[in-house]
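Number 138 in full-length UniProt numbering belongs to position 138 of the sequence shown; there are no gaps in the numbering.
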Amino acid sequence: MMKLSRDVAGPCVAPDGSVIAVGAFDGLHRGHQALLSQVRERAQALGCMPIVVSFEPLPRAYFSKEPVPRLSSVREKLRGFAAAGMEHTVLLRFNQSLTAMSAEDFIQRVLIDRLGAREVWVGADFRFGHKRAGDVAMLERVGAARGFTAHTMPAVQLDGERVSASRVRALLAAGNFGAAAPLLGRPFVIEGKVEYGNQLGRTLGFPTANIHLRDRTTPVHGIFAVRVGLGEGECSWPGVASLGTRPTVNEVAEPLLEVHLFDFEGDLYGQRMAVEFVAKLRDEMKFDGLDPLKVQMDHDARSAREILGMNPALINA
1 MMKLSRDVAG PCVAPDGSVI AVGAFDGLHR GHQALLSQVR ERAQALGCMP
51 IVVSFEPLPR AYFSKEPVPR LSSVREKLRG FAAAGMEHTV LLRFNQSLTA
101 MSAEDFIQRV LIDRLGAREV WVGADFRFGH KRAGDVAMLE RVGAARGFTA
151 HTMPAVQLDG ERVSASRVRA LLAAGNFGAA APLLGRPFVI EGKVEYGNQL
201 GRTLGFPTAN IHLRDRTTPV HGIFAVRVGL GEGECSWPGV ASLGTRPTVN
251 EVAEPLLEVH LFDFEGDLYG QRMAVEFVAK LRDEMKFDGL DPLKVQMDHD
301 ARSAREILGM NPALINA
């Protein structure tokens, strides 16, 4: 089982040495996966511990004055690290104290003292430390003097372009889930626990399972054809979903993911649910009352059923 640490201070977690990946790792796309795979293989070759160092909140979100869309939740990211074979994750709190730490102190206190670094692997554009003073050249120079080596991974290319989190976000924002999936190495999914809502969807003939995103900002908004996984199951149950702020009823300021599962009977409250986004149907709209909203919901359900290979005529059948 993967172990988790949150702090810089503490005893060395790898007395026999470690191979370390460092980065934000939002979305754990194919470039990230290649880096973690290399770290795992090098740790096996050296007989030491594979470790990943990441940050929460994401550094770009910490410095931004506007909400920054992210591809994965903390829970999803940690599960991805474990699946990639990392034995220990150091998820540092990205706060004023960490941003004030010099690049030299980060190397000594985190990589050497805390983690016993033998190899450090980062992206070619990795920067760290106060005012982003640290870079790969510094890691190589300091490592040569203090007993570890620094390495970068070649960028993973797909269709002649570098795989990056920003490229994935742009594709998702445009509703191009088919093009985003190869970059991620999997379909785009949002997970969460089903919570109680106001049951408005039930009165309109479309009962929904609600996932509150709270302070998480996603690159996707609108109405979608989806497939849903319940518990640890695969995303196979067809449905239609809304992700937004419900402008017609104007009841939520934070994004809410509402999912109607076709032909489903049962109680979902309290269960964990994974929602795979298959196709975007339209943007969120404000309607002049509930009646026109209901008409549009019927149309959305037909469209989603057709996209998902179901009979579009069997709405709520």
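Where a beta carbon is used, it is the ideal one built from N, C-alpha and C, also for glycine.
Along the chain, where does the alpha helix (DSSP H) that runs through residue i open and close?
i    : result
G143 : V136 to R146
S164 : That residue, S164, is in no alpha helix (DSSP H); it is neither H nor E in DSSP.
G178 : F177 to L184
T217 : T217 -> no alpha helix (DSSP H), and no H or E assigned at all.
T99  : Q96 to T99
Based on Cα-Cα distance, which residue from the options lies nearest to residue i?
i           : options                   : result
R246        : S166, G222, C48 and L230  : G222
R141        : E161, D159, V120 and G160 : V120
G270        : G192, R118, I107 and A150 : G192
P182        : G229, L158 and P219       : L158
E161        : G31, P59 and R305         : G31
P238        : V194, L184, A304 and I190 : A304
L230        : R169, D26 and M273        : M273
G27         : E254, V275 and L184       : L184
A9          : S72, A45, S97 and V74     : S97
K77         : A145, L4, S102 and K65    : L4
R214        : F188, L243, D263 and T89  : L243
D300        : G266, E265, F264 and V259 : V259
F55         : L46, R75 and R42          : R75
V220        : P11, S236 and R70         : R70
L268        : R282, K286, Q296 and E195 : E195
R167        : G175, A155, A180 and V156 : A180
D105        : N95, F128 and R93         : F128
Y62         : F94, S37, L46 and S73     : F94
C235        : G289, M310, F188 and D288 : F188
A155        : T149, S164, K294 and G147 : S164
residue 319 : V68, I107, I112 and E41   : Residue 319 lies beyond the range of the chain shown here (1 to 317); nothing can be said about it.
G147        : V295, Q108 and A170       : Q108
L46         : T149, V68 and T99         : T149
V68         : P11, A170 and T99         : A170
T99         : K65, R60 and E66          : R60
If you follow the beta strand (DSSP E) that residue i is part of, which residue opens it and which one closes it?
i    : result
T89  : H88 to R93
F224 : G222 to L230
L4   : K3 to S5
L243 : W237 to G244
E119 : A117 to V122
A133 : Careful: A133 lies outside any beta strand (DSSP E) and carries neither H nor E.
A155 : Taken as a continuous stretch (DSSP letters only), A155 belongs to no beta strand (DSSP E), as it is neither H nor E.
E195 : From DSSP, E195 is part of no beta strand (DSSP E); its letter is neither H nor E.
I211 : A209 to H212
Would you mind giving the Cβ-Cβ distance between residue i and residue j, rounded to the nearest angstrom? I have them listed as a contact below 8 Å.
i    : j    : result
V13  : R114 : 7 Å
L257 : I211 : 4 Å
R118 : C48  : 6 Å
L58  : R6   : Not quite, the Cβ-Cβ distance comes to about 15 Å (not below 8 Å), so this is no contact.
M2   : H130 : In fact, because the Cβ distance is near 30 Å, the residues do not count as touching under 8 Å.
V52  : M86  : 5 Å
T208 : P255 : Going by Cβ atoms, the distance from T208 to P255 rounds to 14 Å, so no, they are not a contact pair.
S18  : G116 : 5 Å
F206 : M297 : 6 Å
G134 : A174 : The Cβ separation is near 35 Å, so there is no contact.
R216 : S73  : 6 Å
M153 : A34  : 6 Å
M310 : F262 : 7 Å
Chain B beta carbons: is any one of them nearer than 9 Å to that of residue i?
i    : result
G147 : Absent from the structure is chain B; it holds one protein chain and no more.
Compute every distance between the C-beta of residue i and the non-hydrogen atoms of the ligand FMN, then say whether any falls below 8 Å.
i    : result
F126 : With respect to the ligand FMN, the structure offers nothing, as it holds no ligand at all.
message: Which complete alpha helix (DSSP H) runs does the stretch 31-87 hold, if anything under 4 residues is left out?
response: If we require 4 residues or more, the alpha helix (DSSP H) runs fully inside the stretch 31-87 come out as 59-63 and 74-83.
- request: Pick out the complete beta strand (DSSP E) segments inside the stretch 254-305, 3 residues or longer, and give them in chain order.
  value: If we require 3 residues or more, the beta strand (DSSP E) runs fully inside the stretch 254-305 come out as 256-261 and 272-282.
query: Can at least three beta-carbon pairs, one atom from the stretch 108-125 and one from the stretch 20-30, be found at a separation below 8 Å?
result: Result yes; three or more Cβ-Cβ pairs closer than 8 Å.
query: Three or more beta-carbon pairs under 8 Å between the stretch 131-150 and the stretch 66-81, yes or no?
result: In short, these stretches do not touch, since the Cβ pair count stays below three.
query: Okay, do the stretch 274-283 and the stretch 209-228 touch, 3+ Cβ pairs below 8 Å being the bar?
result: Verdict: yes, contact present.
- prompt: Counting only runs that start and end within the stretch 9-34, where is the beta strand (DSSP E) found for 3 or more residues in a row?
  reply: Runs of the beta strand (DSSP E) inside the stretch 9-34: 18-22.
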